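Chains as they are written, first to last, in the numbering used here: chain A, 1 to 379; chain B, 1 to 379.
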């Protein structure tokens, strides 16, 4: 396996952008990443494009507009883990020697998409009965409260922290500080989860250029991908203990082994936080704290920007919004900026090792979930 | 690069199967392929799943029901080339040493899908103006007739041949012989293409197990994948000469080079025939005949089962129907049966080298197309 480096990253603003097409968003992120890396469009040998809701051949549609054609282009869907899965495929393609320089793109246009309802192929009985994504995460939260005594205020602390972090991210959807009281008093979505504990849908794109060894701009800090581990599994509703983040735990174990590092080595992490309880469970699964301690981990300030292990310095999905397939690639962009020391206003001092984590799926009747954990390091 | 072998294949019947779910179709093909190969579900290390219209995380949804979970599962969309692209990814994963045994699945449920119209994310102006898929292929046919003197009867010969071949395929949607006159007198869809020159939508699935070297059942003929080449490009409507199959030509050139064989070595081929003109242009692009001679190649009988280079012994999309993402994998299943000598009633005698070809995309406003050419051989 060859060393893989990140030489260019790009990301659009996330948020409601009704006037911009999917192609326009994707193109902007690709052009940014190429320019950031000093890479010309004709040097890209293959592209791995994450998209869930775009309606077909999104990769080709976007890349053509960025001056890229004739190469292998795959569009990949693994729900909320799509962007991370595309990164995983790109990493494997370069590490294995299949390609020397590849592009990874995540892009999603969600504005207006659900106005007429989702045209799912089959009836989704369980969603109609209330077992929607917020409903599932609410069940996880209730179970976590029962098993470990996690409090609503601890859950709210995740939202408070991530929204505070997001203030310094010019690409985030929201730039608004909130208090624990405001979070808890916002309208209930699926008890105990309130509105300010749920991430918003968004439009956006992020892109990354991966190379074998150093092809980056001279003199710039180098960033290596030490590991990217993808696993699949069954949905939450089929698990007995739904609050343990089993699938994330497996992905993390594989990634740590591949990278030769452990949780204690991690300086900064981007962790999947579609709902506050998501970050709580996932920080436990990633080994940042003990099982059951995820609520306290956030509420204590340990995962704040000035804490011992800052989590979601970008503001997370909670601040940035969640353009499904773009999310995992945006995490990689943020961590690259962190490892280069370029995360202005939200820089984690002396960040050397970074972890990105997503988990996708779990909606009722979608029996599969996937999780990807990737580990980056300053080279 | 390691040798890659096909040790198991499975395929459902193609056709309207309104009573079967996407999951049921996919599961059946997977179970067939595992059993055919003598491979247990827990030995599969990764799965590459092609699906276009299934609504998210199709890979995990299907594989869970076939006893496969915890492994990396990717769902891939490259329009009509999706199944071939999944095969390509599986081939690369095994050839590069990333995995020793992988599953490739293509599955599509189309029945009932277009009753309420397709919920495309954006308005498709050109389709509304008539530049649908039949419209585009009709333009290609008109241009081919103008450039090369191809006749309607030559186009019809493709349909006559493939529907005759399909009579011997128990998994094909149609089992009905048609004459040139019947083809030409069937209702016009997009002039000069008549109804019997267009493939039908269908439901179905096909699966393939790929391994590094020989893991197949003892004593059975072995089948190797010599090459799988994937290229992308711009849509037909952006090309000056729309009747030359440029993208297929590029995919074929790459595959022949990788395999170390040429068109003259090919004994049997499965070629993308969504419309009669598609097979005409693609047989030229694959080098089976000279540019412009594709019409005569079919009408002369050269590509019939008893001709010099049988094309679409399975009956092609024209007979089998076209469950979009299943199509490319079904081609591989058919060619595996051919190379093993198991294609009862439609066996090409002494078939040693086989070519599979698809091309996807090209619909108005979908600026990208992709083509995959794979080459198999009796080992």
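C-beta: ideal position from N, C-alpha, C; glycine also.
This structure is a prediction, so every number in the text was calculated from the model and none was measured.
Distance, residue j Cα to residue i Cα
i	j	result
residue 34 of chain A	residue 9 of chain A	7 Å
residue 388 of chain A	residue 227 of chain A	Lying before the first or after the last residue shown, residue 388 of chain A is absent from chain A, which here runs from 1 to 379.
residue 5 of chain A	residue 292 of chain A	35 Å
residue 251 of chain B	residue 70 of chain A	10 Å
residue 270 of chain A	residue 111 of chain B	41 Å
residue 169 of chain B	residue 63 of chain B	27 Å
residue 180 of chain B	residue 206 of chain B	31 Å
residue 286 of chain B	residue 229 of chain A	38 Å
residue 284 of chain A	residue 182 of chain A	26 Å
residue 317 of chain A	residue 330 of chain A	10 Å
residue 2 of chain B	residue 43 of chain B	19 Å
residue 350 of chain B	residue 378 of chain B	10 Å
residue 225 of chain A	residue 339 of chain A	11 Å
residue 358 of chain A	residue 188 of chain A	25 Å
residue 233 of chain A	residue 27 of chain B	16 Å
residue 172 of chain A	residue 259 of chain A	30 Å
residue 92 of chain B	residue 256 of chain B	16 Å
residue 131 of chain B	residue 175 of chain A	44 Å
residue 263 of chain B	residue 309 of chain B	10 Å
residue 221 of chain A	residue 345 of chain A	19 Å
Pair within 9 Å by beta-carbon distance, residue i and residue j
i	j	result
residue 268 of chain A	residue 311 of chain A	yes
residue 204 of chain A	residue 14 of chain A	yes
residue 360 of chain A	residue 81 of chain A	yes
residue 86 of chain B	residue 106 of chain B	yes
residue 265 of chain A	residue 353 of chain A	yes
residue 210 of chain B	residue 104 of chain B	yes
residue 231 of chain A	residue 72 of chain B	yes
residue 163 of chain B	residue 319 of chain B	yes
residue 273 of chain B	residue 282 of chain B	yes
residue 166 of chain B	residue 315 of chain B	yes
residue 247 of chain B	residue 371 of chain B	yes
residue 261 of chain A	residue 332 of chain A	no
residue 75 of chain B	residue 59 of chain B	yes
residue 321 of chain A	residue 202 of chain A	yes
residue 77 of chain B	residue 45 of chain A	no
First and last residue of the uninterrupted beta strand (DSSP E) at residue i
i	result
residue 146 of chain B	Counting along the chain, residue 146 of chain B falls outside any beta strand (DSSP E), though it belongs to the alpha helix (DSSP H) covering 133–148.
residue 341 of chain A	Careful: residue 341 of chain A lies outside any beta strand (DSSP E) and carries neither H nor E.
residue 39 of chain A	Element bounds for residue 39 of chain A: n/a, residue is neither H nor E.
residue 48 of chain A	46–50
residue 208 of chain B	204–212
residue 357 of chain B	353–361
residue 107 of chain A	101–108
residue 11 of chain A	4–11
Cβ neighbours of residue i in the same chain (closer than 7 Å, five flanking residues each side left out)
i	result
residue 142 of chain B	192
residue 7 of chain A	37, 39, 209, 211, 215 and 216
residue 157 of chain A	180, 298 and 299
residue 301 of chain B	307
residue 41 of chain A	34, 66, 67 and 68
residue 159 of chain A	178, 183, 196, 197, 276 and 318
residue 243 of chain A	140, 143, 144, 147 and 281
residue 138 of chain B	190, 191, 192 and 193
Any non-hydrogen atom of the ligand MG within 8 Å of residue i CB
i	result
residue 149 of chain B	The model depicted lacks the ligand MG and carries no ligand whatsoever.
Residue i - containing alpha helix (DSSP H), residue span
i	result
residue 75 of chain A	Careful: residue 75 of chain A lies outside any alpha helix (DSSP H), inside the beta strand (DSSP E) at 73–77.
residue 253 of chain B	246–259
residue 278 of chain B	276–285
residue 181 of chain A	180–185
residue 87 of chain A	82–95
residue 291 of chain B	Counting along the chain, residue 291 of chain B falls outside any alpha helix (DSSP H), and DSSP gives it neither H nor E.
residue 62 of chain B	58–64
residue 269 of chain A	Element bounds for residue 269 of chain A: not the alpha helix (DSSP H) but the beta strand (DSSP E), 268–271.
residue 157 of chain B	152–166
Contacting residues, own chain, Cβ-Cβ under 6 Å from residue i (five flanking each side not counted)
i	result
residue 123 of chain B	Legend: pLDDT at residue 123 of chain B = 48, less than 50; position of this residue unreliable, no value from coordinates given.
residue 89 of chain A	48
residue 154 of chain A	295 and 299
residue 61 of chain B	23
Same chain only: Cβ atoms within 8 Å of residue i, ignoring 5 sequence neighbours per side
i	result
residue 337 of chain B	9 and 343
residue 94 of chain A	2, 4, 100, 101, 102, 210, 211 and 212
Chain C contact for residue i (CB, 9 Å cutoff)
i	result
residue 97 of chain A	Among the protein chains in the structure shown, which are A and B, there is no chain C.
> Are the region 185–199 of chain B and the region 275–288 of chain B in contact at 8 Å, needing three or more beta carbon pairs?
Replying inline: yes
> Should the region 48–60 of chain B be regarded as contacting the region 320–335 of chain B, the criterion being three or more beta carbon pairs within less than 8 Å?
Replying inline: yes
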